[in-house]
Amino acid sequence: MVKTPAKTILAIETSCDETAVAVLRLEGKTAWPEITTLSSVVRSQIQLHAKMGGVVPEAAARAHVKNILPVTEKALKDARVTLEKIDMLAVTYGPGLVPSLIVGVEFAKALALATKKPLLPVNHMAGHLYSPLGKLKDQGLKARDIFPQISLIVSGGHTLLVLMKDEKHYKVLGSTVDDAAGEAFDKVAKLLGLPYPGGPEVSRLAEQGKASVAFPRPMLNQKNYNFSFSGLKTAVLYFVKDQSGKHNTADICASFQEAVVDVLVQKTLRAAKEFKAKSISLSGGVSANRRLRQELTLACKKNRLEFFVPEFKLCTDNAEMIGIAAAFMLHNGKKPVNPNLVQATPGLEL
Ligand code: KG4
Ligand code: ZN
90 MVKTPAKTIL
100 AIETSCDETA
110 VAVLRLEGKT
120 AWPEITTLSS
130 VVRSQIQLHA
140 KMGGVVPEAA
150 ARAHVKNILP
160 VTEKALKDAR
170 VTLEKIDMLA
180 VTYGPGLVPS
190 LIVGVEFAKA
200 LALATKKPLL
210 PVNHMAGHLY
220 SPLGKLKDQG
230 LKARDIFPQI
240 SLIVSGGHTL
250 LVLMKDEKHY
260 KVLGSTVDDA
270 AGEAFDKVAK
280 LLGLPYPGGP
290 EVSRLAEQGK
300 ASVAFPRPML
310 NQKNYNFSFS
320 GLKTAVLYFV
330 KDQSGKHNTA
340 DICASFQEAV
350 VDVLVQKTLR
360 AAKEFKAKSI
370 SLSGGVSANR
380 RLRQELTLAC
390 KKNRLEFFVP
400 EFKLCTDNAE
410 MIGIAAAFML
420 HNGKKPVNPN
430 LVQATPGLEL
């Protein structure tokens, strides 16, 4: 454990279609980083992209350019701090849409160079990974109660199963071979004629339906930790076509959701058993899905595992999770870098 001096961090996230800035306070005198969120502002571009049925990278970048300064000013104002009181900047540098990432990265670099403040580049997936762990200090848990941990990250672009040996060391056990879980939710929504963004809409309708259609559980019985959701999406497409539009949309949503949740929960539990995990954590946009949260909570109770899931505002993209990851990185001994060397990177490994 590295004891770091207290720091106020300004975190910036623009990897996709949310312009987000947060201010966090890190106290470094305890076994776990003691993190207080002073403010978190997320400006969504949903209305802009809804017209096109999905995110248009150049339009997203233009919106980030317009929003980044007012969002930063609001985050500082909400936190009741001035820029002078910020000790460090953190920014998402990938993975994500390059035009979007560039705006946050170049803004953070300019700010760091102009104010001579240190800059810490943060992997977006590390943001999701650490998002359920920001309150460890208050939860009174010891490292031996938590690690090894199996972490399931389910976002719009990624589905990752990660083994966290401790708060510093982790390894990706598996990922999706085609569509990510969130992407499958969005595509199924589209083929059912539901509005963008589709994930929350499918999950809302699923709550009103019955999981009466037995859709496939792709790769469930394969002895690896990879996932595949593209075939499941196609199965939904053919089912809808065969019914010639006479299907019950809520039941299809419930059945599709059940198939996704089933695969995610079973594979996560299998990994937890194999690696003798003490806990499971869940994060990423799809972690906002109530059914998934419910099923993993139940499975963890049954198997006497601690379960970590972030509050809803930390599930979909935000800058608070980038600040939390930055706090852990500092706590783990990571040092800021020369701002000139930071570059937006599209397909970054965790
Ligand atoms: O983490 P995130 O905000 O962005 C990426 O890093 O990709 O995840 C967004 C994804 C979208 O695919 C969205 O449809 C999905 O999360 N999502 C959900 C729910 N809320 C958001 N999927 C299922 N159920 C939800 N309640
Ligand atoms: Zn994300």
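Take 90 as the starting number for the sequence shown in my numbering and just add one per residue. Idealized CB from N, CA, C, for every residue including glycine.
Query - Cα-Cα separation between residue 200 and residue 214, rounded to whole angstroms - result: Taking the first residue of the sequence shown as position 1, residue 200 is located at position 111. Taking the first residue of the sequence shown as position 1, residue 214 is located at position 125. About 23 Å.
Query raised in the report: In terms of alpha-carbon separation, which member of 377, 397, 168 and 317 lies closest to residue 125?
Result: Position 36 of the sequence shown holds residue 125. Measuring from the Cα of residue 125, the nearest candidate turns out to be 168.
Requested in this report: For residue 424, count neighbouring C-beta atoms within 10 Å of its own C-beta (all shown protein chains included) and say buried if the count is 16 or more, exposed if not.
Outcome: Working through the sequence shown from its first residue, we reach residue 424 at position 335. Residue 424 comes out exposed.
Requested in this report: Mind the definition here: the region 288-303 touches the region 374-384 only if three or more C-beta pairs lie below 8 Å; say whether that holds.
Outcome: yes
Requested in this report: Write down the C-beta distance between residue 410 and residue 403 rounded to the nearest angstrom, noting that I regard them as a contact closer than 8 Å.
Outcome: By 1-based counting over the sequence shown, the position of residue 410 is 321. By 1-based counting over the sequence shown, the position of residue 403 is 314. So it is a contact: roughly 6 Å between Cβ atoms.
Query raised in the report: Hey, which residues come within less than 5 Å of the ligand ZN, measuring from Cβ to any heavy atom, in chain order?
Result: 244 and 406
Requested in this report: With distances taken Cα to Cα, identify the nearest neighbour of residue 405 among 148, 211 and 216.
Outcome: As a first step, residue 405 is located in the sequence shown; it is residue number 316 there, counting from the start. That would be 216, whose Cα lies nearest to the Cα of residue 405.
Requested in this report: Output the boundary residues of the alpha helix (DSSP H) element that contains residue 321.
Outcome: Numbered from 1 along the sequence shown, position 232 holds the residue referred to as residue 321. Residue 321 -> alpha helix (DSSP H) spans 319-331.
Query raised in the report: Could you give the distance in angstroms between the alpha-carbon of residue 329 and the alpha-carbon of residue 130?
Result: Mapped onto the sequence shown, residue 329 falls at position 240. Mapped onto the sequence shown, residue 130 falls at position 41. Going by the C-alpha atoms only, they are around 40 Å apart.
Query raised in the report: Given 8 Å as the limit, is there contact between the region 247-266 and the region 300-319, that is, 3 or more CB pairs closer than that?
Result: yes
Report task. Counting only runs of 4+ residues fully inside the region 366-397, write out the alpha helix (DSSP H) ranges in chain order. Result -> For the region 366-397, the full-length alpha helix (DSSP H) segments reaching 4 residues or more read 379-391 along the chain.
Query raised in the report: How would you write the range of the beta strand (DSSP E) that residue 132 sits in, first residue to last?
Result: The residue labelled residue 132 in the question sits at position 43 within the sequence shown. Residues 123-133.
Report task. Give me the Cβ distance between residue 434 and residue 183, rounded to the nearest whole Å; I'm assuming they're in contact under 8 Å. Result -> Numbered from its first residue, the sequence shown carries residue 434 at position 345. Numbered from its first residue, the sequence shown carries residue 183 at position 94. Yes, residue 434 and residue 183 are in contact; Cβ-Cβ is about 4 Å, under 8 Å.
Query - Option in 102, 338 and 299 with minimal Cα separation from residue 179 - result: The sequence position of residue 179 within the sequence shown is 90, counting from 1. Distance from the Cα of residue 179 is smallest, within the candidate group 102, 338 and 299, for 102.
Requested in this report: Would you please verify whether the beta carbon of residue 201 is less than 8 Å from any beta carbon of chain C?
Outcome: Annotation note: the requested chain C is absent from the structure, which comprises a single protein chain.
Report task. With distances taken Cα to Cα, identify the nearest neighbour of residue 307 among 271, 283, 327 and 349. Result -> Counted from its first residue, the sequence shown places residue 307 at position 218. Considering only alpha carbons, the answer is 349.
Query raised in the report: Sorry if obvious, but does the Cβ on residue 378 come closer than 7 Å to a heavy atom of the ligand KG4?
Result: If you number the sequence shown from 1, residue 378 lands on position 289. Checking the Cβ of residue 378 against the ligand KG4 gives yes.
Query raised in the report: So residue 133 packs on residue 112, CB below 8 Å; how close in whole Å?
Result: In the sequence shown, the residue the question calls residue 133 occupies position 44. In the sequence shown, the residue the question calls residue 112 occupies position 23. Actually they do not touch by this definition, with Cβ atoms about 19 Å apart.
Requested in this report: Output the distance between the C-alpha atoms of residue 398 and residue 376, rounded to the nearest integer angstrom.
Outcome: Taking the first residue of the sequence shown as 1, we reach residue 398 at position 309. Taking the first residue of the sequence shown as 1, we reach residue 376 at position 287. Between the alpha carbons of residue 398 and residue 376 lies a distance of about 8 Å.
Requested in this report: Answer with buried or exposed for residue 153, where buried requires no fewer than 16 other C-beta atoms within 10 angstroms of its C-beta.
Outcome: If you number the sequence shown from 1, residue 153 lands on position 64. Label assigned to residue 153: buried.
Query raised in the report: Pick from 189, 340, 332 and 352: whose alpha carbon is nearest that of residue 270?
Result: Position 181 of the sequence shown, counted from the first residue, corresponds to residue 270. With distances taken between Cα atoms, residue 270 lies closest to 352.
Query raised in the report: For the ligand KG4, any of its heavy atoms closer than 7 Å to the Cβ of residue 288?
Result: Looking up residue 288 in the sequence shown gives position 199. Flag set: Cβ of residue 288 near the ligand KG4.
Report task. Whole angstroms is fine: what's the gap from residue 238's alpha carbon to residue 144's? Result -> What you label residue 238 is simply residue 149 of the sequence shown in a count that begins at 1. What you label residue 144 is simply residue 55 of the sequence shown in a count that begins at 1. One Cα belongs to residue 238, the other to residue 144, and the distance between them is close to 33 Å.
Query raised in the report: Can you tell me where the beta strand (DSSP E) with residue 238 in it begins and where it stops?
Result: Residue mapping note: residue 238 aligns to position 149 of the sequence shown, counting from 1. Run containing residue 238: 238-243, per the beta strand (DSSP E) assignment.
Query raised in the report: Can you tell which of 357, 417 and 313 has the C-alpha that lies nearest to the C-alpha of residue 389?
Result: Numbered from 1 along the sequence shown, position 300 holds the residue referred to as residue 389. For residue 389, the nearest C-alpha among the options comes from 357.
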